[in-house]
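In what follows, a single structure is set out as structure tokens and then discussed.
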Amino acid sequence: MKSSTQVAVIGGGVVGASVLYHLTKAGWTDVVLIERKELTAGSTWHSAGGMHTLNGDPNVSKLQQYTIELYKDIEAQSGQSCSIHLPGGLMLADDRERLDWLRMAQARGRYLGMDLEIITPSEAKALFPLLEEQYFVGALFDPVEGHVDPTGVTNAYAICARQLGAEVYRHTWVSDLRQRADGTWDVVTDKGEIHAEHIVNAGGLWAREVGRMIGLELPVLGMEHMYLVTENMDEVAEHNAATGHEMPMALDFEGEIYIRQEQGGMLMGTYEQACVPWSPREAPWSFDMELLEPDLDRIAPSLEIAFKHYPAMATAGIKTIVNGPFTFAPDGNPLVGPIRGIRNCWVACAVMAGLSQGGGVGLALATWMTEGDPGMDIWAMDVARFGDWANLAYTNAKVRENYSRRFRITFPNEELPAARPLHTTPIYDRLTEHNAVWGAGFGLEHPLWFQRPGEEPVEDVTFRRSNAFPIVAEECRAVRERVGLTECSNFAKYKVTGAGSADWLQGLFTNRLPKVGRISLTAMLNPQGRIVGEFSVARAGDDEFFLFGSQAAEVYHSRWFLAHLPAGHAIRFEVLALSLVGLSVAGPHARDVLQSATAESLATADFPFMSFRHVDIGMIPAWMGRMSYTGDLGYEIWVAPEHQRALFDVLWHAGQPYGMGLFGFRALMAMRMEKMFGTWYREYRPIYTPLEAGMDRYLKLDHDFVGRAALEAEMARGPERRMVYLAVDPDPDEPADVIGDEPIWHDGEVVGWVTSGAYAHYSGVSLALGYVPAALASTGAAAAGDLEIEIIGHRRPARLLHEPVLDPSGQRMRE
Ligand SMILES: Cc1cc2nc3c(=O)[nH]c(=O)nc-3n(C[C@H](O)[C@H](O)[C@H](O)COP(=O)(O)OP(=O)(O)OC[C@H]3O[C@@H](n4cnc5c(N)ncnc54)[C@H](O)[C@@H]3O)c2cc1C
Numbered sequence: 001m002k003s004s005t006q007v008a009v010i011g012g013g014v015v016g017a018s019v020l021y022h023l024t025k026a027g028w029t030d031v032v033l034i035e036r037k038e039l040t041a042g043s044t045w046h047s048a049g050g051m052h053t054l055n056g057d058p059n060v061s062k063l064q065q066y067t068i069e070l071y072k073d074i075e076a077q078s079g080q081s082c083s084i085h086l087p088g089g090l091m092l093a094d095d096r097e098r099l100d101w102l103r104m105a106q107a108r109g110r111y112l113g114m115d116l117e118i119i120t121p122s123e124a125k126a127l128f129p130l131l132e133e134q135y136f137v138g139a140l141f142d143p144v145e146g147h148v149d150p151t152g153v154t155n156a157y158a159i160c161a162r163q164l165g166a167e168v169y170r171h172t173w174v175s176d177l178r179q180r181a182d183g184t185w186d187v188v189t190d191k192g193e194i195h196a197e198h199i200v201n202a203g204g205l206w207a208r209e210v211g212r213m214i215g216l217e218l219p220v221l222g223m224e225h226m227y228l229v230t231e232n233m234d235e236v237a238e239h240n241a242a243t244g245h246e247m248p249m250a251l252d253f254e255g256e257i258y259i260r261q262e263q264g265g266m267l268m269g270t271y272e273q274a275c276v277p278w279s280p281r282e283a284p285w286s287f288d289m290e291l292l293e294p295d296l297d298r299i300a301p302s303l304e305i306a307f308k309h310y311p312a313m314a315t316a317g318i319k320t321i322v323n324g325p326f327t328f329a330p331d332g333n334p335l336v337g338p339i340r341g342i343r344n345c346w347v348a349c350a351v352m353a354g355l356s357q358g359g360g361v362g363l364a365l366a367t368w369m370t371e372g373d374p375g376m377d378i379w380a381m382d383v384a385r386f387g388d389w390a391n392l393a394y395t396n397a398k399v400r401e402n403y404s405r406r407f408r409i410t411f412p413n414e415e416l417p418a419a420r421p422l423h424t425t426p427i428y429d430r431l432t433e434h435n436a437v438w439g440a441g442f443g444l445e446h447p448l449w450f451q452r453p454g455e456e457p458v459e460d461v462t463f464r465r466s467n468a469f470p471i472v473a474e475e476c477r478a479v480r481e482r483v484g485l486t487e488c489s490n491f492a493k494y495k496v497t498g499a500g501s502a503d504w505l506q507g508l509f510t511n512r513l514p515k516v517g518r519i520s521l522t523a524m525l526n527p528q529g530r531i532v533g534e535f536s537v538a539r540a541g542d543d544e545f546f547l548f549g550s551q552a553a554e555v556y557h558s559r560w561f562l563a564h565l566p567a568g569h570a571i572r573f574e575v576l577a578l579s580l581v582g583l584s585v586a587g588p589h590a591r592d593v594l595q596s597a598t599a600e601s602l603a604t605a606d607f608p609f610m611s612f613r614h615v616d617i618g619m620i621p622a623w624m625g626r627m628s629y630t631g632d633l634g635y636e637i638w639v640a641p642e643h644q645r646a647l648f649d650v651l652w653h654a655g656q657p658y659g660m661g662l663f664g665f666r667a668l669m670a671m672r673m674e675k676m677f678g679t680w681y682r683e684y685r686p687i688y689t690p691l692e693a694g695m696d697r698y699l700k701l702d703h704d705f706v707g708r709a710a711l712e713a714e715m716a717r718g719p720e721r722r723m724v725y726l727a728v729d730p731d732p733d734e735p736a737d738v739i740g741d742e743p744i745w746h747d748g749e750v751v752g753w754v755t756s757g758a759y760a761h762y763s764g765v766s767l768a769l770g771y772v773p774a775a776l777a778s779t780g781a782a783a784a785g786d787l788e789i790e791i792i793g794h795r796r797p798a799r800l801l802h803e804p805v806l807d808p809s810g811q812r813m814r815e
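Residue numbers (the working numbering): 1 to 815.
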């Protein structure tokens with residue numbers, strides 16, 4: 001074993017091997033992989049090897065496509081067979097909702113370059129004769145699905161990496177990890193120590209335990225998973241002989257099963273409801289290449305449906321039953337990337353579909369390590385999407401929920417119940433009394449809308465308009481015509497203080513910092529000139545700032561800030577989290593309400609738009625900013641949690657003479673669309689540039705900032721695509737608004753995609769934001785209205801708008 005290396009990858013499953021391969025491919029060849037047993041000895045060796053391109057997140061789908069395409073390359077380069085089978089795959093829908101979901105998946109696949117086809121049950125039967133077509137209403141056929149040999153793939157990666165200089169140490173257990181003062185690592189193994197500049201935790205079934213070696217509790221949990229393989233079946237042989245093809249793979253939503261040919265028989269796996277975690281507290285190091293005891297009773301409900309849907313399966317003899325553990329994060333997507341606040345520490349774990357995703361995970365992580373940026377949008381896999389609150393119990397509850405819903409539809413307006421409520425603010429009970437329908441984000445409950453008194457605070461889940469629709473319309477009207485009150489604690493809040501704060505922030509932000517007592521909006525870029533943040537920056541003193549950003553990105557953004565703090569500085573960067581909570585008042589009477597509760601003059605001359613100041617409201621000390629994401633006259637008021645209930649009572653009381661109404665997140669999203677305001681994660685993501693996103697007014701080239709050179713280069717050549725704002729004409733019979741990720745069509749071709757959408761209740765129009773090629777964003781053709789958005793299988797006309805549908809001059813905010 002070497003005594004030092006640039007990177008020590010811990011874990012020789014399909015993911016660790018892929019990371020190793022991609023590091024060497026990116027030019028880092030002084031790298032080692034350390035595996036406690038044989039390669040594949042975790043979950044990889046007993047995987048069913050299936051691979052799919054579809055994923056709920058289009059960016060993850062792209063990485064899955066990449067993974068599948070990679071296999072022939074590594075097979076050719078290594079000389080190691082990966083046993084690639086690509087018979088294609090069917091997703092079988094048994095009801096209208098699932099067929100709608102498949103139509104939406106097909107639509108999303110269009111701009112990802114996927115060739116997906118919706119077919120009838122009889123066409124599905126022709127491809128997959130084992131099925132009984134009466135149980136299905138349609139299917140999606142994906143020609144790029146299949147299966148590989150997991151051991152072959154892992155070895156192929158390792159061989160390719162070794163060819164480029166990597167070393168692989170098998171039967172070597174990493175027992176401890178110690179960080180030196182310079183950020184490098186001593187990797188302690190049972191065969192001696194190795195000094196590594198970087199470590200990668202690809203520990204798979206033991207990733208949580210490897211994390212614990214450095215005090216990290218990663219949100220990852222192993223789950224038992226079963227599949228069975230039948231004896232050879234005549235039906236399979238007949239199909240193979242008649243067509244010359246292997247049976248395609250099939251995924252059956254109702255049965256929660258996947259099924260594919262395995263040699264002359266069939267392999268069938270289930271995601272059973274009565275799912276069981278493996279080693280929920282601590283994974284034993286003694287676990288070798290072992291299987292768990294199968295439990296047919298647990299999968300009996302799925303088998304029952306399988307035998308009905310595929311009768312030949314009922315009579316086929318069972319050759320093997322495999323029960324093995326594999327790992328999940330709370331939302332089922334991998335955990336990839338650098339760990340906040342710990343230098344040179346990377347993870348690539350919780351990869352539940354290693355054969356579909358391992359290649360993409362390896363590529364993203366290796367690019368991130370070697371170039372400082374993953375080079376693609378991997379937000380859905382970024383380890384930073386979970387905070388420290390995602391502890392053992394949270395992870396256990398969420399992973400079980402996710403596992404048991406693996407083949408269920410999660411509707412765009414659906415809020416899943418497990419592990420809730422976790423974080424609540426002090427006014428949770430107050431808002432519950434007002435019949436709030438709650439949603440959760442980043443562990444925090446926030447009100448979505450307020451059900452009418454006496455009615456159950458529950459929303460119908462649907463792809464179309466729900467029972468919330470008329471009520472959200474009323475909430476919007478209250479804000480636009482009178483005054484509304486909502487909770488805004490679900491922003492991320494940071495405080496930056498100490499000598500040098502202003503210079504430091506200025507070097508990260510594209511916009512000029514505001515003057516003391518003012519707020520400015522800014523973008524934050526990576527060196528490639530892409531958007532890594534969007535903030536409201538409020539300046540309380542020369543070197544005292546509050547930053548407000550997306551709560552979901554709290555770890556993501558704080559990781560960035562901490563990584564960019566200069567050495568030996570006096571700057572204090574704090575994540576305020578729920579130590580600062582907020583309420584927002586908006587609408588034409590917002591000032592009247594607040595003025596009745598404070599002695600400070602709130603007249604525009606004294607407290608103009610984008611002011612920020614310390615104000616007492618009643619007895620409550622608060623920070624108040626004059627701004628509102630509703631686009632109306634509005635104020636955001638920030639207080640310590642112990643004051644939030646009193647603040648709510650004061651404002652609610654003061655609001656009554658003005659007809660104050662409560663409004664929730666749904667109304668806020670509708671109103672921000674009405675004002676053409678983008679949002680982090682949808683319009684603003686690291687795949688877009690600020691020019692593409694139309695953030696021109698945040699860009700001031702009078703100072704130096706990260707990403708400036710790339711921005712200037714882009715300014716010179718012009719952006720490739722542009723964000724567009726569209727008025728959509730929904731189906732009049734069954735109106736459905738845009739959700740996000742729908743394709744945008746022009747002249748019979750898919751030219752872009754939607755990032756978000758909503759019905760703007762007050763303006764009475766269905767709206768969308770999305771991206772199209774820059775040329776199209778300004779052409780007369782598109783302006784004339786021949787763009788279309790595909791909504792649940794129907795192409796609906798969409799008209800390009802060039803300004804917000806409400807108050808384009810922004811007068812309401814400024815009055
Ligand atoms: C029954 C079953 C069927 C499946 N079917 C599919 C499928 O059809 N398609 C699909 O894509 N996925 C499938 N999977 C999931 C797939 O197996 C996993 O996604 C994949 O194996 C994850 O790979 P990994 O490298 O992250 O983890 P692992 O395979 O668990 O590898 C981690 C490795 O790290 C090593 N290690 C851990 N800690 C240390 C340490 N301290 N020192 C040294 N070495 C260490 C372990 O020994 C292990 O070899 C299935 C899983 C199961 C259980």
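No residue lacks a Cβ here, since even glycine has one placed at the ideal position from N, Cα and C.
| said: Could you check whether GLY49 and LEU335 sit closer than 8 Å to each other, using their CB atoms as the reference points? | reply: No. Outside cutoff.
| request: Hey, could you find the ends of the beta strand (DSSP E) ALA250 is sitting in? | output: Counting along the chain, the unbroken beta strand (DSSP E) around ALA250 starts and ends at 249-252.
| If we count Cβ pairs, one from each stretch, closer than 8 Å, do we get three or more for the segment 351-366 versus the segment 47-65? | For the pair of segments examined, the segment 351-366 was found to touch the segment 47-65: the number of CB pairs separated by less than 8 Å reaches three.
| contact_flag[the segment 502-521, the segment 677-688] where n(CB pairs < 8 Å) is 3 or more | Verdict: no, contact absent.
| Over what stretch of residues does the alpha helix (DSSP H) that includes CYS476 continue unbroken? | Its alpha helix (DSSP H) spans residues 469-481.
| In whole angstroms, what separates the C-alpha of ASN435 from that of ASP460? | The alpha-carbon atoms of ASN435 and ASP460 are separated by roughly 16 Å.
| query | Do you know how far the Cα of PRO470 is from the Cα of ASN413? | reply | ASN413 and PRO470: Cα-Cα distance of roughly 15 Å.
| request: Would you check if there are 3 or more beta carbon pairs closer than 8 Å linking the segment 195-212 to the segment 299-319? | output: Here the segment 195-212 makes no contact with the segment 299-319; the two share fewer than three CB pairs at distances below 8 Å.
| field | Segments assigned alpha helix (DSSP H), at least 4 residues, entirely inside the segment 46-89 | value | Whole alpha helix (DSSP H) segments, 4+ residues: 58-78.
| request: Measure the C-alpha to C-alpha separation of ALA136 and ARG103 and round it to an integer number of angstroms. | output: According to the sequence provided, residue 136 is Phe. The question's Ala does not apply to it. Whole-angstrom Cα-Cα distance: 15 Å.
| query | For the putative contact between GLU35 and VAL153, defined by C-beta atoms under 8 Å, what is the C-beta separation to the nearest angstrom? | reply | So it is not a contact: roughly 15 Å between Cβ atoms.
| Can you tell which of HIS85, PRO773, LEU112 has the C-alpha that lies nearest to the C-alpha of PRO150? | Among HIS85, PRO773, LEU112, the Cα nearest to that of PRO150 belongs to HIS85.
| field | Buried versus exposed call for THR53 [16 or more other C-beta atoms within 10 Å across all chains shown] | value | When all chains shown are included, THR53 counts as buried.
| At which residues does the beta strand (DSSP E) containing GLU487 begin and terminate? | Run containing GLU487: 484-487, per the beta strand (DSSP E) assignment.
| field | ASN863 versus GLN263, ILE10, HIS703, residue with shortest Cα-Cα distance | value | What the structure shows of the chain is the stretch from 1 to 815, and residue 863 is not part of that stretch, so it cannot be assessed.
| Exposed or buried, which one is ARG385 when buried takes at least 16 other CB atoms within 10 Å? | With 16 or more other Cβ atoms within 10 Å, it is buried.
| When DSSP labels each residue in this structure, what does PHE573 get in the three-state scheme? | Secondary structure at PHE573: strand, using DSSP grouped into helix, strand and coil.
| Can you list, in chain order, the stretches of the alpha helix (DSSP H) that have 4 or more residues and sit fully within the segment 418-447? | Segments of the alpha helix (DSSP H) lying fully in the segment 418-447: 428-433.
| query | Just to confirm, does ARG110 get its C-beta within under 7 Å of one of the non-hydrogen atoms of ligand 2? | reply | By its list of ligands, the structure shown excludes ligand 2, since it contains just ligand 1.
| request: On a CA-only basis, which of PRO514, THR172, LEU513 is nearest GLY192? Give me that one, please. | output: Among PRO514, THR172, LEU513, the Cα nearest to that of GLY192 is on THR172.
| task | Report yes if the CB atom of TRP379 is closer than 8 Å to the CB atom of TYR681, and no otherwise. | result | It is a contact, given that the beta carbons lie within the stated cut-off.
| field | CA nearest to the CA of ALA768, picked from ALA774, VAL738, THR270, LEU776 | value | Here the closest residue by C-alpha is VAL738.
| said: Please classify SER822 as buried or exposed, where buried requires at least 16 neighbouring CB atoms within 10 angstroms. | reply: Outside the shown range of the chain (1 to 815) lies residue 822, about which nothing can therefore be said.
| Under the three-state reduction of DSSP, which class applies to GLU193: helix, strand or coil? | If DSSP states are grouped into helix, strand and coil, GLU193 belongs with the strands.
| field | Among VAL581, VAL650, HIS557, GLY582, the one whose alpha carbon lies nearest that of ALA597 | value | If you compare the alpha carbons of VAL581, VAL650, HIS557, GLY582 with that of ALA597, the shortest gap goes to VAL650.
| request: Would you tell me roughly how many angstroms separate the C-alpha atoms of PRO825 and ILE791, rounded to the nearest one? | output: Since the displayed the chain opens at 1 and closes at 815, residue 825 lies outside it and no answer follows.
| query | Within the chosen definition, does the segment 443-451 reach the segment 625-644 through at least 3 CB pairs nearer than 8 Å? | reply | Segments in contact, no.
| field | Rounded straight-line distance, which links the Cα of PHE128 to that of ALA76 | value | Each residue's alpha carbon lies about 31 Å from the other.
| query | Does any heavy atom of ligand 1 sit closer than 7 Å to the C-beta of SER356? | reply | Yes, ligand 1 has a heavy atom inside 7 Å of this Cβ.
| request: Just the C-alpha distance for LEU662 and ALA603, rounded to the nearest angstrom, thanks. | output: Taking the straight line from one Cα to the other gives about 24 Å.
| query | Per DSSP, PHE326 forms a beta bridge with which residues? | reply | Its beta-bridge partners are MET223.
| query | So which of GLY387, GLY337, PHE326, ILE259 has the shortest CA-CA distance to VAL351? | reply | The option with the nearest alpha carbon to VAL351 is PHE326.
| field | Beta-carbon spacing of MET249, ILE299 below 8 Å | value | Cβ distance not < 8 Å, so MET249 and ILE299 don't count as in contact.
| query | In chain order, which beta strand (DSSP E) runs of at least 3 residues are fully inside the segment 554-610? | reply | Within the segment 554-610, the complete beta strand (DSSP E) runs of at least 3 residues are 572-575, 581-586.
| Closest by C-alpha distance to ALA161, when choosing among GLY12, MET624, ASP252 | Residue GLY12 is the option with its Cα nearest to ALA161.
| message | Is the separation between the beta-carbon of ILE339 and that of LEU216 shorter than 8 Å? | response | For the 8 Å CB-CB criterion, ILE339 and LEU216 form a contact.
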